[in-house]
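Worksheet for the structure shown next.
Structure follows, in structure tokens:
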């Protein structure tokens, strides 16, 4: 990570969210972590062992933030046979976070699912996140045309899952997991379609609780520990190993440490940002009450020449 000067870190937080998001995605893309999510939230894997899911059912490579959907632009190069072509007008670009395929147990490796997992820092981004989750599922279904099936062979469509992990949900949603899927309803008569023919998309919304919340258990506690900004890396490693049997392999241990470093950096930036805003307030107070110039106020506060320039640009003073 590029290390900016002190004041630059105070005045710019644009990189913080991206750094934290990337660290979270790396953690969540570990196959053992995904196996925990699958066993806990996907009905097809409830009876499977964690290690079995990770080693036997998760297929091939995982793609992290590499599979875009371009509804109104030229079709990009296909990634591992997954089509990203769409013809909807003016919907912008969507990039899936952690997208992968997984074999379905009990089908002799003949059937598989397409799964996307994504951490969410903002529960209220200006729209209901469940609607975006449904949109993602629809894209994952429609993008199968030309790769999974062609012409009218809709029988080959694979079931898709979209899993959103909400890190900072509102209080009423904390420590909850909700599933949204297609269900059959008999309006007249009593006839039933095979579930496999309509059960093609499922949305799972996982809302984590607060750190050290005693109500959290299972996957909710495991994910809270993994993604927490209140726990240090050594505490996370200990809990994941002792309580969940997750061995800290070199890559996972490194990623747990990385996200800890990112969170420490974010905390430091937020602290320094508060200090900077306090300085600006002091400058304005001195110029108003003492009738000093901005430079005189900055000199009195012992602000360096480099920081003076940054403050002027950021806060448009002097």
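Residue numbers (this note's numbering): 1062 to 1379. The beta carbon of each residue, even a glycine, is placed where N, CA and C say it ideally should be.
Thinking C-beta only, is residue j closer than 8 Å to residue i?
i	j	result
residue 1098	residue 1178	yes
residue 1378	residue 1340	no
residue 1085	residue 1180	yes
residue 1102	residue 1280	yes
residue 1195	residue 1091	no
residue 1237	residue 1198	no
residue 1125	residue 1082	no
residue 1259	residue 1229	no
Under a Cβ-count criterion, where at least 16 other Cβ atoms within 10 Å of its own Cβ denotes burial, should residue i be classed as buried or exposed?
i	result
residue 1222	buried
residue 1220	buried
residue 1169	exposed
residue 1088	buried
residue 1370	exposed
residue 1105	buried
residue 1351	exposed
residue 1192	exposed
residue 1361	exposed
residue 1149	The pLDDT assigned to residue 1149 is 42, lower than 50, so where the model puts this residue is not dependable, and the model offers no usable value.
residue 1270	buried
residue 1205	buried
State the Cα-Cα distance for the pair residue i and residue j, rounded to the nearest angstrom.
i	j	result
residue 1300	residue 1239	25 Å
residue 1248	residue 1218	26 Å
residue 1174	residue 1286	28 Å
residue 1344	residue 1227	40 Å
residue 1093	residue 1262	23 Å
residue 1401	residue 1207	The structure shown does not extend to residue 1401, since the chain is modelled only from 1062 to 1379, so the question has no answer here.
residue 1303	residue 1284	15 Å
residue 1243	residue 1202	13 Å
residue 1254	residue 1156	34 Å
residue 1298	residue 1366	43 Å
residue 1272	residue 1346	39 Å
residue 1116	residue 1251	42 Å
residue 1119	residue 1257	20 Å
residue 1305	residue 1111	10 Å
residue 1245	residue 1233	29 Å
residue 1163	residue 1342	55 Å
residue 1357	residue 1182	42 Å
What are the boundary residues of the beta strand (DSSP E) that residue i is part of?
i	result
residue 1285	Taken as a continuous stretch (DSSP letters only), residue 1285 belongs to no beta strand (DSSP E), being part of the alpha helix (DSSP H) at 1279–1288.
residue 1173	1173–1181
residue 1224	1221–1227
residue 1265	1262–1268
Taking the alpha helix (DSSP H) that residue i belongs to, which residues open and close that run?
i	result
residue 1241	Unbroken run through residue 1241 is the beta strand (DSSP E), 1237–1242; no alpha helix (DSSP H).
residue 1096	1092–1102
residue 1296	1294–1305
residue 1358	1355–1361
residue 1196	1190–1203
I want to check one thing, is the minimum distance from the CB of residue i to the heavy atoms of the ligand MN below 7 Å?
i	result
residue 1110	Ligands in the displayed structure: none, and consequently the ligand MN is not present.
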